[in-house]
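Undergrad: The structure's right below; bear with me while I get my questions together.
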Amino acid sequence: MITLQVNGQTRQVDVDPETPLLWVIREWLGMTGTKFGCGIAQCGACSVHIDGEVMRACSVPVGSVGTGKITTIEGLSPDGLSHKVQQAWLALDVPQCGYCQSGQIMAAAALLAHTPKPTDAEIDEAMTNICRCGTYNRIRAAIHSAAG
Amino acid sequence: MTLERRGFLASVTAGAFTLAWSGRAEANAITGDAAPSELGIWAVVHPDDRIVVRIARSEMGQGTATGLAQLVADEMDADWTRVGIEFVAPHVNLAAKRAWGEMSTGGSRGIRASVDYVRKGGAAARAMLIQAAAAQWGVPASECTASLSTVRHEKSARWLRYGELAAAAGKLPVPTDVAVKKPSEWTIIGKSVKRLDTVDKLSGRQMYGLDVQLPGMLNGAIAQCPVFGGKLVSFDAKAIAAMRGVRHVLAVGDTAVAVVADKYYQAKTALAKLPIVWDEAGHGNVSSAGIATFVASGLDAAEAGIGLRQGDARAAIATAAKKIEATYGTPFLAHATMEPMNCTALVTADSVEVWVPTQNGDASLAAAAEAAGVKLDRAKVHKMLLGGGFGRRGQQDYTRLAVTLAKQIPGTPVKLVWTREEDIQHDFYRPITQCKLTAGLDAAGTLTGLHMRLSGQSIMAFASPATLENGVDPRMFQSASAEEFGYHAIPNLLIGHAMRNTHVPVGPWRGVNTNQNAIYIECFIDELAHAAGKDPLEFRRALMGRNPKNRAILEAVAAKAGWGTPLPAGVHRGLCQNHGYGSYVACVAEVSVSAKGDLKIHRLVAGTNPGFAVNPQQIDAQIDGSFAYGLSALLYGEITIEKGRVAEGNFDTYQVARMADMPKVETIIVPTGDFWGGVGEPTIAVAAPAVLNAIFAATGKRIRQLPLKNQDLRRA
């Protein structure tokens with residue numbers, strides 16, 4: 001049994017410790033907002049926060065998380081809409097297909113938590129998540145908007 | 001429609017997955033309110049005035065669902081803030097004798113091919129609501145007006161909301177002779193309204209195919225023969241039988257094997273350890289180098305299909321004062337949708353049900369029924385929202401494989417998910433082509449003849465050879481056809497294609513052949529302008545007298561970009577135009593190239609004339625997005641073949657554009673109001689040639705082979 005702190009709750013899962021956190025979140029805990037895109041930490045669709053740091057859950061063995069506080073897209077805001085990043089995304093109609101957006105939003109939220117007013121260069125460096133629909137320019141604008 | 005009303009309503013959609021509302025205060029599903037009423041097949045009106053517009057096309061991010069809802073809602077005179085959407089299920093469409101028409105979603109046709117019948121559907125619903133009000137008031141319908149989901153009778157100062165009229169209106173016959181509005185009467189069409197499907201994409205609640213959960217469901221991982229055309233020989237199931245969660249190890253047809261486990265992670269982990277023997281079917285020695293030689297053999301071959309011919313290009317070039325020749329080439333490309341291929345299937349003795357992200361619901365239905373061996377009317381398809389399509393999800397291989405697997409475990413739903421590597425290595429790739437262009441200039445630098453010879457693979461020859469026209473695939477000539485080519489003033493013109501098909505599966509990839517052909521034409525025209533010592537814009541304009549719409553958009557974009565005006569030191573411009581999927585587009589790129597050869601794309605100015613612009617801010621989003629997809633191909637995109645199989649496997653080896661690669665994009669939308677053109681694809685074709693022409697301006701180097709990652713951009 002592995003004990004996890006997820007979105008403010010204590011959860012226990014019977015799983016091999018090398019199982020990637022992504023699959024524990026999706027398949028053992030049943031939360032599907034965190035997406036599978038590549039499995040090798042390239043695309044960022046699986047981005048979650050562990051103690052406030054953005055991590056690519058597909059490449060984090062669940063056994064390594066320990067007492068780290070995990071936040072998934074489902075736990076970013078109480079209503080799924082009120083975090084300033086979600087509000088900015090809504091105002092600018094950012095998503096197209098939407099599949100990568102959970103990860104994009106988690107990456108942007110972590111960026112703004114550390115760097116409240118990021119420059120374009122800082123956005124380029126932090127936002128390496130892939131979006132095949134190509135919403136990058138709206139994501140950039142929404143991050144600037146959320147930064148105020 | 002013989003189904004009981006309430007039951008029919010419940011059966012139209014895939015369930016609660018796909019309902020979306022513009023009014024965010026609304027619950028995100030129909031609650032148990034009083035019965036809603038169907039007004040024809042396209043609109044459902046609830047007693048509380050909510051209107052649900054039914055969508056037959058697939059939504060994969062391109063915004064078609066919102067645009068289609070705008071068309072219906074405008075004709076209904078609906079209150080847009082209370083409009084939502086739901087998707088029609090393919091089996092429901094089939095049972096209704098395909099009343100909702102074509103479901104296939106590709107070729108940028110979603111709106112332009114449905115625009116007449118969905119607007120008539122909205123107009124019919126409006127007429128029914130007015131008729132119901134007139135009957136209730138005992139006044140002529142001609143004295144009633146409608147706006148914002150309300151019918152008014154001004155003479156008697158009475159009004160009724162659509163919700164109050166819906167039940168009576170729903171009992172009336174659906175009129176078939178309704179007229180649609182003139183464009184000047186539109187109030188919702190042409191407005192930059194927000195998408196209707198955003199909220200759930202921000203919270204993680206949006207369900208995609210990958211997120212399907214069903215009671216008792218098992219999860220499958222699949223390995224297909226890595227060499228195209230090869231077969232499964234054997235596998236050693238015992239080697240992984242004891243691994244945690246593993247339930248079944250099964251052949252899937254004669255080309256693949258799957259592991260089925262409690263969890264997908266368990267299935268894919270076990271599959272990676274499964275010993276498998278493949279029959280490579282004699283293709284195990286095929287390589288990209290061999291394919292390139294084979295394709296090059298078509299550039300000078302005697303035999304070729306003709307796409308466009310006027311005058312005598314060979315003779316004109318032979319006698320020209322100056323002859324110019326160049327050969328271009330583009331590689332195979334994978335789609336790499338963000339959501340890997342997946343499909344969930346439940347098969348019983350006489351039925352099949354699938355949950356699938358599909359661009360073609362009709363084809364998914366047919367594929368599921370065929371693979372399950374059941375009658376078409378015993379198949380159900382629940383269309384899931386797509387995590388990207390780009391042409392990949394018009395194919396049904398992943399549906400067939402899931403059903404073929406699930407059929408072996410009857411009564412148990414199985415979700416089959418591909419790894420990214422499986423997705424990259426088993427695509428229907430953008431075809432490889434090369435193009436040799438030859439031209440003649442007279443002493444004054446006027447273009448007297450152009451010969452464009454394409455060589456390479458045909459999608460039609462792969463997918464539907466019976467539809468070739470005398471051995472010719474007309475789609476090879478996209479943007480180079482009589483209808484789309486932009487330079488008909490060239491007196492002598494010959495455009496042909498020598499077919500060179502490989503064992504690699506090919507299929508439509510966002511923009512299909514417009515991408516490659518626009519590069520070939522627009523970069524070579526740029527070469528000719530320089531050879532003639534003329535400005536690239538002026539050189540083109542002189543050839544566009546018979547193509548006024550192509551010329552108008554090129555001029556508009558050049559003006560917006562300040563073509564000919566000074567730029568910061570080191571920054572250079574390139575431009576191009578194209579006509580594809582019904583729309584006229586153009587682009588100006590501003591780039592710089594460092595001494596080390598590093599490319600920076602600073603700004604792309606794009607323009608489109610789509611005829612009518614249903615939702616300008618979403619057109620803007622599609623231009624932005626198409627450029628990201630087009631720049632991915634330009635900068636990085638390359639699928640190489642080694643030993644008969646794809647060498648690339650994931651986003652580390654198949655790189656795509658990211659935030660840092662993305663230039664500023666400025667768009668102008670100049671609809672001329674006299675045709676309906678596409679939006680999702682047309683602009684992708686102009687991203688690469690504009691940048692390549694700007695690279696030449698910056699470096700003096702002509703890049704003729706893509707992608708740029710293989711090229712040295714240091715100044716010549």
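Those sequence lines, one after another, are chains C and S. Position 144 of the first sequence, counting from 1, maps to 144 under my numbering, and the rest follow consecutively. Position 363 of the second sequence, counting from 1, maps to 363 under my numbering, and the rest follow consecutively. Virtual Cβ for every residue (Gly too), placed ideally from N, Cα, C.
For S/D442 and S/P474, what's the separation of their Cα atoms in angstroms?
TA: 31 Å
Undergrad: Can the beta-carbon of S/V717 be found closer than 8 Å to that of S/V83?
TA: As shown, chain S starts at 1 and ends at 716. That puts residue 717 of chain S outside it, with no answer to give.
Undergrad: In this structure, what does DSSP give as the bridge partners for S/E642?
TA: S/R645
Undergrad: Who are the Cβ neighbours of S/V691 in its own chain at under 7 Å, not counting the five residues just before and after it?
TA: G574, A589, V591, I601 and L634
Undergrad: What are the boundary residues of the beta strand (DSSP E) that S/R603 is part of?
TA: Segment L599 to N609, the beta strand (DSSP E) holding S/R603.
Undergrad: What is the residue span of the beta strand (DSSP E) that S/D279 lies within?
TA: I276 to D279
Undergrad: Straight-line CA distance for S/A345 to S/A406?
TA: Those two C-alpha atoms are separated by around 6 Å.
Undergrad: In whole angstroms, what separates the C-alpha of S/T446 from that of S/V504?
TA: 41 Å
Undergrad: Could you name the residues of chain S that C/L81 contacts, counting a contact when the two beta carbons are closer than 7 Å?
TA: V199, L202 and S203
Undergrad: When you compare only the Cα positions, how much space is there between C/F36 and S/D211?
TA: 10 Å
Undergrad: So, under 8 Å CB-CB, S/S626 and S/E681 are touching, yes? Tell me the CB distance rounded to an integer number of Å.
TA: 7 Å
Undergrad: Is there a C-beta anywhere in chain C that falls below 8 Å from the one on S/V277?
TA: Output row for S/V277: interface = no.
Undergrad: From the DSSP output, read off the bridge partner residues of S/A589.
TA: S/G574 and S/L604
Undergrad: Please confirm whether S/A660 has its beta-carbon closer than 8 Å to some beta-carbon of chain C.
TA: yes
Undergrad: Is C/I130 helix, strand or coil when you go by DSSP?
TA: coil
Undergrad: For C/R138, return the contacting residues in chain D, with the cut-off set at a CB-CB distance below 8 Å.
TA: Absence of chain D from the displayed structure is noted, the protein chains being C and S.
Undergrad: Using the beta-carbon count (16 or more within 10 Å), is S/S142 buried or exposed?
TA: exposed
Undergrad: Quick check on DSSP: helix, strand or coil for C/P20?
TA: In the structure shown, the three-state DSSP call for C/P20 is strand.
Undergrad: Quick one: what does DSSP say C/G75 is sitting in, helix, strand or coil?
TA: helix
Undergrad: Please report the straight-line C-alpha distance between S/S203 and S/T399, rounded to a whole angstrom.
TA: So the alpha carbons of these two residues sit roughly 28 Å apart.
Undergrad: Using a 10 Å radius around the Cβ and a threshold of 16 neighbouring Cβ atoms, would you call S/R715 buried or exposed?
TA: exposed
Undergrad: Taking the alpha-carbon of S/P536 as reference, which of S/P689, S/Y584 and S/T419 has the nearest alpha-carbon?
TA: S/P689
Undergrad: How about C/Q5 and C/I70: are their beta carbons less than 8 Å apart?
TA: yes
Undergrad: How would you list, in chain order, the residues of chain S whose beta-carbon sits under 9 Å from the beta-carbon of C/L29?
TA: C/L29 does not reach chain S, its nearest Cβ partner there being about 12 Å away, counting only Cβ pairs nearer than 9 Å.
Undergrad: What is the C-beta distance between S/A301 and S/A498, in whole angstroms, given that I count them as a contact (C-beta under 8 Å)?
TA: 5 Å
Undergrad: Do C/N7 and C/E53 have their C-beta atoms within less than 8 Å of each other?
TA: no
Undergrad: Assuming contact is defined by CB atoms lying nearer than 8 Å, are C/N129 and C/G103 in contact in what I supplied?
TA: yes
Undergrad: Counting only the same chain and skipping the five closest in sequence on each side, list residues whose C-beta sits under 8 Å from that of S/V585.
TA: I553, Q577, N578, H579, A606, G607, T608, N609, P682, T683, A685 and V686
Undergrad: Buried or exposed for S/D712, please, with buried defined as at least 16 other CB atoms from any protein chain shown within 10 angstroms of its CB.
TA: exposed
Undergrad: So, using beta-carbon positions, are S/V455 and S/G307 closer together than 8 Å?
TA: Rather than Val, the amino acid found at residue 455 of chain S in this sequence is Ser. In this structure, S/G307 does not lie closer than 8 Å to S/S455 by Cβ.
Undergrad: Which chain C residues sit within Cβ distance under 9 Å of S/D211?
TA: R26, T32, G33 and K35
Undergrad: Please confirm whether C/S223 has its beta-carbon closer than 8 Å to some beta-carbon of chain S.
TA: Only positions 1 to 148 of chain C appear in this structure, which leaves residue 223 of chain C out of reach.
Undergrad: Comparing C-alpha positions only, which one of S/Y487, S/T64, S/C587 and S/A694 sits nearest to S/H530?
TA: Checking every option, the nearest Cα to that of S/H530 belongs to S/A694.
Undergrad: From S/E280 to C/I123, what does the alpha carbon distance come to, in whole angstroms?
TA: 46 Å
Undergrad: Using a threshold of 8 Å, state whether the C-beta atoms of S/F228 and C/C43 are closer than that.
TA: no
Undergrad: Report the option in C/E18, C/Q87, C/M1 and C/D16 whose CA atom is closest to the CA atom of C/T10.
TA: Scanning C/E18, C/Q87, C/M1 and C/D16 for the CA closest to the CA of C/T10 turns up C/M1.
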